[in-house]
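Residue numbers for the sequence shown follow full-length UniProt numbering, beginning at 1 and rising by one. Here's the structure, in structure tokens; my notes come after.
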Amino acid sequence: MADFHQNGNIAQFHDLRQRPIEELVYEIETFAQTRKITLVLPSLYSELEGPALGHILDELSQVNYLHRVIIGLDRADERQYRMARDFFSRLKQQHVVLWNDSPRMQALEEKLSEQGLAPEEPGKGKNMWTCMGYLISCQDSAVMALHDCDITTYHRDMLARLVYPVVNPNFRYQLSKGYYPRIGDGKLNGRVTRLLVSPLLIALKRVIGDRDYIDYLRAFRYPLSGEFALRTALLPDLRIPSDWGLEIGVLSEVWRNLGRHSVCQVEISDAYDHKHQDVSAEDARGGLNRMSTDICKAIFRKLAADGTVFTANTFRALKATYYRVALDLLEFYADDARMNGLKLDRHREEKNIELFAENIMVAGHTFLAKPNEAPFIPNWSRVNAADNELVAELRAAVAADEEEYAPIPFGS
Ligand SMILES: O=C(O)[C@H](O)COP(=O)(O)O
1 MADFHQNGNI AQFHDLRQRP IEELVYEIET FAQTRKITLV LPSLYSELEG
51 PALGHILDEL SQVNYLHRVI IGLDRADERQ YRMARDFFSR LKQQHVVLWN
101 DSPRMQALEE KLSEQGLAPE EPGKGKNMWT CMGYLISCQD SAVMALHDCD
151 ITTYHRDMLA RLVYPVVNPN FRYQLSKGYY PRIGDGKLNG RVTRLLVSPL
201 LIALKRVIGD RDYIDYLRAF RYPLSGEFAL RTALLPDLRI PSDWGLEIGV
251 LSEVWRNLGR HSVCQVEISD AYDHKHQDVS AEDARGGLNR MSTDICKAIF
301 RKLAADGTVF TANTFRALKA TYYRVALDLL EFYADDARMN GLKLDRHREE
351 KNIELFAENI MVAGHTFLAK PNEAPFIPNW SRVNAADNEL VAELRAAVAA
401 DEEEYAPIPF GS
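Here it is in structure tokens:
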């Protein structure tokens, strides 16, 4: 994708393939001497047993500019936490595993919940939020980067390209968002991005008219990418959703708090792939089915908070417009795939579009029934205002877990 197009909305950094990556990495290492970089890895225990994470750690072990790695470990019991400690010990950077389900962490959550400040549901949003709190307590990093643990095409160059725009002190960006084409097994992937988000944003523009927020979201080549880096000054005020609206939520917050000139997107890979979730067409509580509804809700809520009035008719018009636009885009995707020798199952993609069209209505109804209900986790400034000892207690709980539960060999 070596073009140099700028869309005029947010800055866009391409991989023009003219400069040896070692040079870029050397520059980052120089910046990192005074601007420490922490990497956050939100991980499920099951990902330690998957095909991607071992390789990711091998790559990360060769990165010299990282000051610290914070691993947020979800869905692990005590034995698994102890094995995870062993698993991550191959990282040569300073690192810490947050056992999110530990009795100490649960006690902290209980305390938060008494004050109505606890995250509503488990998941990546809550995991990331806990890691952010831990990083705030460390008070030593200028940059936080975050990426998923299921990337099967991982290379350390991705991280270098992701952090560069926010670690370079001469750049003005506070948030750097990764983009790439999702391709794997000879197929075009990224089903929710291609088949829901892109056509939905076009349809919204047609139905409700021009909105700065829609233009902003449309400027992202991969708005759902899980890879981003930000300056840590942003962390205390970042309000993130605990559901699948997380990625859109982070972009929305930065748009609201800082404006688009603080945001850039950067090409981090020319072929990215990851573990694919089921569509879960029969069960709205999981898979892409749930993800698509949560994303619609996140976008509707943000537009409403910015002054857009939604009615049942708006959602009806939106569903019909979306459906038409999505089928048009499907034609483009199919031709693009064909020209590039990739497979695309049109029947399955049309089925996904039908499901997503239904979910636009589901999300719309939910929004109309409960317009004020939002799954936002309170930001850390708010938590601090309510209880200014909590970040220190979080840090102490992590240290006490480390002390009490020694590592045991992974797989034992
Ligand atoms: O980014 C997306 O569209 C969703 O995460 C789904 O991605 P996939 O189709 O590559 O699994």
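We put the CB at the ideal spot given by N, CA and C, even for glycine.
Would the beta-carbon of V192 be found less than 6 Å away from any heavy atom of ligand 1? Taking the sequence shown and counting its residues from 1, the one referred to as residue 192 is at position 192. Between ligand 1 and V192, a heavy atom-to-CB distance of less than 6 Å is present.
Quick one: what's got a C-beta closer than 8 Å to residue 413's C-beta in the same chain, skipping five residues either side? This structure gives no information on residue 413, because the portion of the chain shown stretches from 1 to 412.
Classify Y272 as helix, strand or coil using the three-state DSSP reduction. Position 272 of the sequence shown, counted from the start, is the residue given in the question as residue 272. In the structure shown, Y272 sits in a strand (DSSP, three-state: E or B).
Any beta carbon of chain B sitting closer than 7 Å to that of M361? Protein chains in the displayed structure number just one, and chain B is not present.
So what does W380 bridge to, in DSSP terms? Walking along the sequence shown from the start, residue 380 turns up at place 380. Note: W380 sits in no beta bridge, so no partner.
Sufficient close CB pairs (3 or more, under 8 Å) joining the segment 369-382 to the segment 233-251: yes
For G364, the first and last residue of its enclosing alpha helix (DSSP H): Residue numbering aside, residue 364 sits at position 364 when the sequence shown is read from its first letter. Element bounds for G364: 346-369.
Pull the bridge partners of S43 from the DSSP assignment, please. Residue mapping note: residue 43 aligns to position 43 of the sequence shown, counting from 1. Answer by DSSP bridge pairing, in chain order: L73.
Compute the Euclidean distance between the alpha carbons of I56 and E389, then round it to the nearest angstrom. Counting from 1 along the sequence shown, the entry for residue 56 is found at position 56. Counting from 1 along the sequence shown, the entry for residue 389 is found at position 389. Roughly 35 Å separates the two Cα atoms.
Just checking my contact of G50 with K187 at CB under 8 Å: how many whole Å lie between their CB atoms? Start at 1 with the first residue of the sequence shown, and residue 50 comes out as number 50. Start at 1 with the first residue of the sequence shown, and residue 187 comes out as number 187. With a beta-carbon spacing of about 19 Å, G50 and K187 fall beyond the 8 Å limit used to define contacts.
Which residue marks the beginning of the alpha helix (DSSP H) containing A160, and which one marks its end? Along the sequence shown, one-based indexing puts residue 160 at 160. Run containing A160: 156-167, per the alpha helix (DSSP H) assignment.
With I28 and A160 assumed to form a contact (beta carbons below 8 Å), what rounded beta-carbon distance in angstroms separates them? What you label residue 28 is simply residue 28 of the sequence shown in a count that begins at 1. What you label residue 160 is simply residue 160 of the sequence shown in a count that begins at 1. Between A160 and I28 the Cβ distance is about 6 Å, and since that is below 8 Å, they are a contact.
Kindly give me the distance between the Cβ atoms of F310 and F367, rounded to whole angstroms, as I take these residues to be in contact under 8 Å. In the sequence shown, counting from the first residue as 1, residue 310 sits at position 310. In the sequence shown, counting from the first residue as 1, residue 367 sits at position 367. Contact flag correct, Cβ pair sits at about 7 Å.
Would you say the beta carbon of L224 is closer than 6 Å to some non-hydrogen atom of ligand 1? Within the sequence shown, residue 224 is the residue found at index 224, counting from 1. Yes, the Cβ of L224 comes within 6 Å of a heavy atom of ligand 1.
Distance CB(C131)-CB(I208) smaller than 7 Å: As a working note, residue 131 is residue 131 in the sequence shown. As a working note, residue 208 is residue 208 in the sequence shown. No, the Cβ-Cβ distance between C131 and I208 is not below 7 Å.
Roughly how many angstroms lie between the CA atoms of A233 and F171, to the nearest whole one? Here residue 233 corresponds to residue number 233 of the sequence shown, with the count starting at 1. Here residue 171 corresponds to residue number 171 of the sequence shown, with the count starting at 1. Inter-residue distance for A233 and F171 is about 15 Å (C-alpha atoms, whole angstroms).
With hydrogens ignored, establish whether the beta-carbon of R218 is closer than 6 Å to any heavy atom of ligand 1. As a position in the sequence shown, residue 218 is number 218, starting the count at 1. Ligand 1 never approaches R218 closely enough for any of its heavy atoms to be under 6 Å from the residue's Cβ.
Is there at least one non-hydrogen atom of ligand 1 closer than 6 Å to the beta-carbon of R35? Translated into the one-based positions of the sequence shown, residue 35 becomes position 35. Incorrect: R35 has no Cβ contact closer than 6 Å to ligand 1.
Cα-Cα separation, Y213 to Y81: Along the sequence shown, one-based indexing puts residue 213 at 213. Along the sequence shown, one-based indexing puts residue 81 at 81. Spanning the two alpha carbons is a distance of roughly 41 Å.
With a threshold of 16 other CB atoms inside 10 Å of the CB of P20, please say whether the residue is buried or exposed. As a working note, residue 20 is residue 20 in the sequence shown. By the 10 Å Cβ count, P20 comes out exposed.
Quick one: what's got a C-beta closer than 7 Å to M105's C-beta in the same chain, skipping five residues either side? Residue 105 sits at position 105 when you count from the first residue of the sequence shown. Result list for M105: W99, A397, in chain order.
Bridge partners for V263 per DSSP, in chain order? Here residue 263 is taken as the residue at index 263 of the sequence shown, counted from 1. Paired residue(s): L175.
Distance check for E354 and T152, CA to CA, integer angstroms please. Counting from 1 along the sequence shown, the entry for residue 152 is found at position 152. Counting from 1 along the sequence shown, the entry for residue 354 is found at position 354. Spanning the two alpha carbons is a distance of roughly 29 Å.
Under 6 Å from any heavy atom of ligand 1, does the C-beta of N189 make it? Within the sequence shown, residue 189 is the residue found at index 189, counting from 1. In terms of side-chain proximity, the C-beta atom of N189 is found nearer than 6 Å to a non-hydrogen atom of ligand 1.
Tell me L230's beta-bridge partners as DSSP assigns them. Residue numbering aside, residue 230 sits at position 230 when the sequence shown is read from its first letter. For L230, DSSP records a beta bridge to M144, L175.
M339 classed as buried or exposed, judged by whether at least 16 other C-beta atoms fall within 10 angstroms: Your numbering for residue 339 matches position 339 in the sequence shown. Exposed is the call here.
Mind checking S61: buried by the 16 CB within 10 Å criterion, or exposed? For this step, residue 61 is matched to residue 61 along the sequence shown. With fewer than 16 other Cβ atoms within 10 Å, it is exposed.
Between H276 and ligand 1, is the CB less than 6 Å from at least one heavy atom? As a first step, residue 276 is located in the sequence shown; it is residue number 276 there, counting from the start. H276 Cβ: within cutoff of ligand 1.
Is there at least one non-hydrogen atom of ligand 1 closer than 6 Å to the beta-carbon of R348? Indexing the sequence shown from 1 puts residue 348 at position 348. Answer for R348: no, Cβ out of range of ligand 1.
Which residues in the same chain as K302 place their Cβ atom closer than 7 Å to its Cβ, once the five residues preceding and following it in sequence are excluded? Here residue 302 refers to the residue found at position 302 when the sequence shown is read from its first residue. For K302, where only same-chain residues beyond five positions count, the Cβ hits under 7 Å are Y213, S252.
What did DSSP end up calling I151 once you bin it into helix, strand or coil? Position 151 of the sequence shown, counted from the start, is the residue given in the question as residue 151. Reduced to three states, the DSSP call for I151 is strand.
Out of D273, Y164, E120, state which residue places its alpha-carbon closest to the alpha-carbon of T30. Start at 1 with the first residue of the sequence shown, and residue 30 comes out as number 30. Taking only the C-alpha atoms, the option nearest T30 is Y164.
Please state whether the Cβ-Cβ distance between G341 and A298 is less than 7 Å. Residue 341 sits at position 341 when you count from the first residue of the sequence shown. Residue 298 sits at position 298 when you count from the first residue of the sequence shown. Not a contact, by the Cβ cut-off of 7 Å.
Answer yes or no: the CB of R221 versus the heavy atoms of ligand 1, is any distance below 6 Å? Numbered from 1 along the sequence shown, position 221 holds the residue referred to as residue 221. The answer is no for R221.
Considering L327, what are the terminal residues of the alpha helix (DSSP H) in which it resides? Here residue 327 refers to the residue found at position 327 of the sequence shown. Note, L327: alpha helix (DSSP H), 312-339.
L204 versus L53, Y323, A118, Q265, residue with shortest Cα-Cα distance: Along the sequence shown, one-based indexing puts residue 204 at 204. Residue Y323 is the option with its Cα nearest to L204.
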